[in-house]
Amino acid sequence: MSLAIDPVSTGGTASLSALSFERADAAASDSSFATTLTGAVENLQQLQSTSNELAVQAVTGDLTDIHQATIAAARASVTLDLVVAVRDRSVAAFNDIMRMQA
Numbered sequence: 006m007s008l009a010i011d012p013v014s015t016g017g018t019a020s021l022s023a024l025s026f027e028r029a030d031a032a033a034s035d036s037s038f039a040t041t042l043t044g045a046v047e048n049l050q051q052l053q054s055t056s057n058e059l060a061v062q063a064v065t066g067d068l069t070d071i072h073q074a075t076i077a078a079a080r081a082s083v084t085l086d087l088v089v090a091v092r093d094r095s096v097a098a099f100n101d102i103m104r105m106q107a
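This is how it looks when you write it as structure tokens:
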């Protein structure tokens, strides 16, 4: 039996591959990074909302397949971990740049 795993989407046109850094001019990379982060946060909010709705349905007995709630909760959790990791690395990079001597 083969198990396929869907790639993690950060929302909109941004995907996990969009988080990799490529050479680009400064204005384009700033815009792209900001767009990627915005999309990731919006997608995280949507995943958490879906997870909460399915959890309420599971508790009230309106959910026919508990796997939907479990998968939604796992997706929200993994996406939150990804967004937090990117945020932490971004803050660390910013702090390293600010400590550099001119």
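Read in this note's numbering, the sequence shown has 38 at position 33, and its numbers run on one by one without any break. Glycine residues also receive a C-beta, built at the ideal position from the N, C-alpha and C atoms. Note that the coordinates shown come from a computational prediction; the quantities given were computed from them, not determined experimentally.
Measuring C-alpha to C-alpha distances from Leu59 to each of Gln106, Ala81, Ser95 identifies Ala81 as the nearest. Annotated three-state conformation of Asp70 is coil, per DSSP.
Per DSSP, reduced to three states, the secondary structure at Met105 is coil, with no helix or strand assignment. The segment 54 to 73 makes no contact with the segment 88 to 97; the number of CB pairs closer than 8 Å stays below 3.
In terms of Cβ geometry, Leu52 and Ala77 form a close pair [threshold 8 Å].
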